[in-house]
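K.L.:
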Amino acid sequence: MDIAIQLALSGLFIGGVYALISVGLTLVFGVLRVVNFAHGEYLTIAMYMTYFMFQRVGVDPFVASIAVVPLMFGLGLLTERLLIRPTLEAPMWCRCS
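Start counting the sequence shown at 98; every next residue gets the next number (this note's numbering).
1. Report the rounded CA-to-CA distance for Glu138 versus Phe151, giving the unit in angstroms.
2. CB Gly112 to CB His136, shorter than 8 Å?
3. With DSSP run on the structure shown, which of helix, strand or coil describes Gly155?
4. What residue range is occupied by the uninterrupted alpha helix (DSSP H) comprising Arg182?
5. Where does Ala105 sit, in a helix, a strand or coil, going by DSSP?
6. Use the C-beta contact count for Ala164: other C-beta atoms within 10 angstroms, 16 or more gives buried, fewer gives exposed.
Below you can see the structure in the form of structure tokens.
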């Protein structure tokens, strides 16, 4: 019975992660009309940062997420300001080449 409960909770958690990924992709495409292929890479970086904080520092993963989320927000904002926005504001002939 314990295994069934653990499997159900694991399924709920991974389903929540998939839901957050899909909401993020939908939000970025809906607002910017840009397909951001770096979305998965940012998720991977965030997961490795959380794992590193859990393994090396000994911080609970949920507590580590409190630190990782603002860092990843800053990285995403930096990417949008330095890469995506200048590309969208460039002339069409420049975007296509």
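Backbone N, C-alpha and C fix where the C-beta goes; we use that ideal spot for every residue, glycine too. The structure displayed is predicted, hence computed values, not measured ones.
P.N.:
In terms of the structure at hand:
1. Reading the sequence shown from its first residue, position 41 is the one you call residue 138. Reading the sequence shown from its first residue, position 54 is the one you call residue 151. The straight-line gap from Cα to Cα measures roughly 20 Å.
2. For the purposes of this step, residue 112 is taken as residue 15 along the sequence shown, with counting starting at 1. For the purposes of this step, residue 136 is taken as residue 39 along the sequence shown, with counting starting at 1. The answer is no: Cβ separation not under 8 Å.
3. Translated into positions along the sequence shown, residue 155 becomes position 58. Reduced to three states, the DSSP call for Gly155 is coil.
4. For this step, residue 182 is matched to residue 85 along the sequence shown. It spans Arg182 to Glu186 - the alpha helix (DSSP H) in which Arg182 sits, taken as one unbroken run.
5. Here residue 105 is taken as the residue at index 8 of the sequence shown, counted from 1. Helix at Ala105.
6. Stepping through the sequence shown from its first residue, residue 164 is reached at position 67. With fewer than 16 other Cβ atoms within 10 Å, it is exposed.
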